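What follows is a short report on a single structure.
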Amino acid sequence: MYINNLDYNEMEKLVVDSGFPRFRADQLFRWIHGKMVSDFKEMKNLPKTFIEYMNDNHRFDKPGIHKRLDSSQDNTKKYLIELEDGNIIESVYLNYDFGESVCISSQVGCNMGCLFCASTKDGRIRNLRASEMLEQIYIIQKDIMTKINSVVIMGSGEPFDNLDNVKRFIEIVTDEKGMNISKRKITLSTCGIIPGIYEALDEGMQFNLAVSLHSAVQKKRDEIIPASKNYPLKDLIKACDYYTEKTGRRVTYEYIIIKGFNDGKEDLKELVKLLKNSNCHVNLIPLNPIEEFHGEAPTHRETVLINKYLNSNGINATIRRELGRDINAACGQLRRNYINNRE
Ligand code: SF4
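All letters in the sequence shown, in the order written, are residues 1 to 343 by UniProt numbering.
In structure tokens, the structure reads:
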């Protein structure tokens with residue numbers, strides 16, 4: 001059991017069961033998740049007996065930076081992070097106008113098989129623990145020495161395929177005694193795992209929902225997102241509308257534009273038809289090509305025209321500002337390149 005994987009109540013129980021006063025749990029939690037300290041001996045205001053006991057009986061989940069790449073175009077920094085078992089994941093620091101954000105991974109690899117994504121090429125290797133998700137943020141915050149105030153779970157992995165750990169992660173990262181990140185600043189990105197969306201909502205989880213749509217035509221969507229075959233578009237939209245009903249928040253649909261595949265007149269008409277009654281926002285993303293997928297990116301002009309078409313047809317759409325293109329900031333590219341070069 002890793003001490004930094006415990007939520008507040010579990011930590012309190014552990015401390016009390018070990019014969020120490022309850023308030024020590026409060027201090028311990030603040031050291032670990034507020035000050036991001038991962039060594040008992042550095043926790044200065046705790047008594048020696050307590051530190052020694054903890055040190056002898058518990059340990060930290062301690063990933064570390066394997067490599068960092070800095071974009072020369074903007075402030076984006078991409079991290080390869082090494083886990084205890086030697087697996088490598090990637091996380092990205094993004095400096096947006098609205099704040100400091102980290103995009104984290106939720107699994108090593110991914111089972112969803114999206115054709116345009118480098119993270120899935122070797123399938124899912126394993127789920128990440130909550131502590132491994134938290135540490136991605138702590139490592140980056142300590143490295144750049146700037147307070148992170150928003151998190152997107154949009155790196156490698158499908159968060160709804162690892163829901164228990166993601167739920168635990170959200171609970172800890174939003175705890176006011178820890179990082180205290182606002183529940184409005186946590187975004188989960190899914191390829192559309194419908195049962196996961198309902199489960200999370202019915203359990204009262206709070207998050208912003210981003211859905212990788214990429215086509216409003218079922219057959220085409222199935223082609224690029226194989227998991228979509230189990231989750232028809234009409235049911236997915238229903239689940240997303242349920243999200244809006246339950247939370248009062250709008251859904252973001254991610255739409256990667258692949259030239260000649262999902263950018264035709266009919267494709268856009270279908271997109272308008274599918275979303276016209278939903279409270280949503282469409283994020284247009286020109287394809288960031290990877291070696292294993294031979295799709296072509298649209299030109300900037302083509303992207304602008306698509307954006308215009310959607311907005312003039314009542315769909316709230318914007319073009320995503322591209323950050324870190326020079327450092328393989330698209331999902332899984334850096335890790336994939338690293339693994340390919342290692343083999
Ligand atoms: S896009 Fe997301 S869900 Fe699809 S394979 Fe990549 S990591 Fe998995």
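No residue lacks a Cβ here, since even glycine has one placed at the ideal position from N, Cα and C. Computed from a predicted model, the values in this text were never measured in an experiment.
Residue pairing by DSSP places residue 96 opposite 99 in a beta bridge. Within the same chain, and ignoring the five residues on either side of residue 226 in sequence, the residues whose Cβ sits closer than 6 Å to its Cβ are 113. Secondary-structure assignment with DSSP links residue 88 through a beta bridge to 82. Measuring C-alpha to C-alpha distances from residue 91 to each of 154, 13, 307 identifies 154 as the nearest. Under the three-state reduction of DSSP, residue 247 is assigned to helix.
Its chain contains 152, 208, 210 as the residues whose beta carbon lies nearer than 6 Å to that of residue 187, once the 5 sequence neighbours on both sides are disregarded; these appear in chain order.
Taking 6 Å as the cut-off, one finds at least one heavy atom of the ligand SF4 near enough to the beta carbon of residue 112. Look at residue 8 here: in three-state DSSP terms it is helix. Counting every other CB atom within 10 Å of its CB across the protein chains shown gives residue 221 a total of 16 or more, marking it as buried. The beta carbon of residue 51 is closer than 7 Å to those of 40, 41, 43 in its chain, skipping five residues each way along the sequence. In the three-state reduction of the DSSP assignment, residue 33 falls in the helix class.
The C-alpha of residue 303 is placed about 19 Å away from the C-alpha of residue 275. When distances are taken from the beta-carbon of residue 228 to the heavy atoms of the ligand SF4, even the shortest one reaches 6 Å or more. Rounded to whole angstroms, the Cβ separation of residue 217 and residue 267 is 6 Å, and the two are in contact under 8 Å. Inter-residue distance for residue 327 and residue 170 is about 28 Å (C-alpha atoms, whole angstroms). Residue 174 sits away from residue 100, with the two beta carbons spaced by 7 Å or more. With a threshold of 6 Å, the Cβ atom of residue 158 counts as near the ligand SF4, since some heavy atom of the ligand is closer than that.
Inclusion of residue 159 and residue 105 in the CB contact set at 7 Å is not warranted, their separation being larger than that value. Judged by DSSP secondary structure, residue 196 falls outside any beta strand (DSSP E) and instead within the alpha helix (DSSP H) spanning 194–202.
In this structure the region 79–89 touches the region 122–133; the number of beta carbon pairs closer than 8 Å is three or more.
Secondary structure at residue 73: coil, using DSSP grouped into helix, strand and coil. Residue 296 and residue 259 do touch by the CB rule: their CB atoms are close to 4 Å apart, below 8 Å. Exclusion of the five residues before and after residue 205 leaves 167, 170 as the residues of its chain whose Cβ lies within less than 8 Å of its Cβ.
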